[in-house]
Structures are given as structure tokens and as C-alpha cells.
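Accompanying notes for the structure given below.
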Ligand SMILES: [Zn+2]
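Numbering (the working numbering), first residue to last: 19 to 323.
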């Protein structure tokens, strides 16, 4: 394919769950290996960039590591003299710190558009710190379910609901972790005759999500935990995956089982927590997910579905 012909490219800017790998204050098994640079690649917090022409890019989520990710990605560097950025739009799947705090790094009056559901934009709108990203220069655009939109010419997106929970910083009282609403959404991408689904957080696979995956050429999916109780077992926290709104990879009803039938879709795990042993190169857990046909995202990975 000549470089001039449009084709969908996805760059993995960050592949880790909240806190990255290693986490700044963690000495668990995976983080120790990452600190020492042995068998675990360090990873920044999850987000991908999409383009069909290699010149103009849109971001799915803006993690708190965004500035570092831009520095590490030549395609996202400014070109020419004066102010410029190849980044024209940002689509938020939720208002978690991990997904949205990176907006604060984009406050140099660069024209761009910020897309999200009403709930996500309301959550950000209620936090005045985000006003440093001037709405006159970087307008916020509400997207409704079932509505296809084109944040950049040639890249059509649709947001759709999946089970999840409200952002951690908005949790109050009893938290529903299986809520289908505007709080956590997935992105269906259609560009240059290719389809890609981005689902970095998912409590369980619905019929709708399953059908969209069946239609896709590539899938980025929630790889947070290998086992539902792995935070507790490793002494890292008190929550199960279910409580955090993430389906584990292994076990009955886990992701490997739930999505086994999509062997002809390129399936990539992203948003991988520092507790997850699939991050250890050569581990039995890594072998297990690879044998099930999955790839494990790393920072800098390029996918052309
Ligand atoms: Zn750790």
C-alpha cells in the first residue's frame, strides 16, 4: 500500500491501567521486575491515537501521562514554526483521572475538539481546573449513543454503552459496578473500510458489544486483571475486579472465555494493571493469553487493522 492511500493506524500511547507500570510506590512482583528493567516493560497509562493520513490524529482518552506520551511519539510532535499540533480531537470514554486528567497538559491555546457523553463532559465541567483548557479554543462536544460522528475527516466513531461504574472520584455510598449508562463507554471506529473497537474498561460482555466485536477487524479490550482477586492476594488493595468494574481475564465467565469465539478478530489487551502477571515476559499467564489468541499491548505498539 502506498503511503498516500488512506489506511487506519492505531498507535498505543499507553497500555497500563491507573498508576502505570511500575506504580510510583509499589514493590509488588511485577513492579519490582519493571523497576529493575527485567522481563517487564514499563508502561504509561492507557490511551491510543488514530489516524487515516498519518498527518492528523485523534486521541482516545487523555491519560495523566499524555505529555510524556507525546514526547515519545514523533507522529504527534508539532511541525513547522510557531504553534502546531497534529492532534485535532480527543474522545473521552469516561471522566476517570486515568482517562481525562491529561487534558490539563493541553492548555497552550491549541485548537482542538473534546468529545464525550453528557455525563462525562458534565463531570469534567463541574471541575473548574479543566477550565484552563479554554472552551473557546477547545470546544467540548456532546455525543449521544447511536449517533455516528466524525471528529477528523475520514474517521467515523460511535460511542456505545457497556456495563461499568462511575469514576472513582465521584463514587458515593453503594456503588453499582454493573451500570449501563453514559458513565463508561466504548468506541466503535470506522475508517478506510476498517473497523476497530476500543473497550479499555468493561464489567462484562453484552450482546451488543459481542456483535460489534464480531464485525470488527481489531479489538482493544480491558486487560486490567488476570484473576478477579489478584489485588487482594498480592496485598495491593481490598477490591475485586468486579468491584472496580473490570472483568478478569481468567476464570469462568472471564474475558478469555467470553471472547473465545472471535478468533478471526485481532484481539489486543490494553489497560493492564501493575498486578497482572501477563506483564511478565515468559510467565505462564502470558503464555495462556497468547495461546488463547490475544496480543498484549505495549507503549509504542502500532496496529494497522
Ligand atoms: Zn505493583
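Cβ coordinates follow ideal geometry from the N, Cα and C atoms, glycine included.
Nothing here was measured: the structure is a model prediction, and the numbers come from that model.
Kindly examine ligand 1 and report whether one of its heavy atoms sits closer than 6 Å to the Cβ of residue 43.
no
Any beta strand (DSSP E) of 3 or more consecutive residues that is wholly inside the segment 250-311
284-288
Tell me whether residue 138 is buried or exposed, calling it buried when 16 or more other Cβ atoms sit within 10 Å of its Cβ.
Buried, by the Cβ-count rule.
With H, G and I counted as helix, E and B as strand and the rest as coil, what does DSSP make of residue 42?
coil
Count the other CB atoms within 10 Å of the CB of residue 19; is the residue buried (16 or more) or exposed (fewer)?
At residue 19, the pLDDT of 46 sits below 50, so the modelled position is not reliable and the matter cannot be decided from this model.
Quick one: is the Cβ of residue 291 within less than 6 Å of any heavy atom of ligand 1?
The beta carbon of residue 291 sits no closer than 6 Å to any heavy atom of ligand 1.
Which runs of the beta strand (DSSP E) spanning at least 3 residues fall entirely within the segment 106-171, listed in chain order?
131-134, 158-160, 167-170
If you measure between the beta carbons of residue 172 and residue 323, is that distance less than 7 Å?
no
Where does residue 229 land, buried or exposed, given buried means 16+ other C-beta within 10 angstroms?
exposed
Any heavy atom of ligand 1 closer than 6 Å to the beta-carbon of residue 49?
yes
Could you check if residue 148 is buried or exposed, using at least 16 other CB atoms within 10 Å of its CB as the buried criterion?
buried
Specify, as a first and last residue, the run of the beta strand (DSSP E) that residue 213 falls within.
212-217
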